[in-house]
Amino acid sequence: MNELEKLEQLFHHWKEHNMEHAETYRKWAEKTARLGQDKLSGILTHLSDDAKAMDKLFDDAVRSMK
2 MNELEKLEQL
12 FHHWKEHNME
22 HAETYRKWAE
32 KTARLGQDKL
42 SGILTHLSDD
52 AKAMDKLFDD
62 AVRSMK
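Under this note's numbering, the letters of the sequence shown match residues 2 to 67, in that order.
What follows is the structure, encoded as structure tokens:
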């Protein structure tokens, strides 16, 4: 496997884990909202949204390698 093939596999791996993290942030946003921690919940929601936006960048990176 050459370096670019390895990098492409890493992009897929990173994307998968990134979405797992996004889901974790969202769940904690819900939990902290129920605890009355609105500011913290908002930050966690923002983190989740930003992580989801990164998903497209991983796809863009893979497409740019073709």
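Each residue gets a CB set at the ideal place from its N, CA and C atoms; glycine is no exception. These numbers come from a predicted model, not from an experiment.
Residue interval of the alpha helix (DSSP H) (run including E41): Sequence inspection shows Leu at residue 41; the Glu mentioned does not correspond to that position. Where L41 is concerned, the enclosing alpha helix (DSSP H) stretches over D39 to S65.
Per-residue DSSP class, three states only, for L8: helix
Reference N19; option with closest CA among E31, E6, A34 and K57: K57
With 16 other Cβ atoms within 10 Å as the buried cut-off, status of S49: S49 is buried by the Cβ-count criterion.
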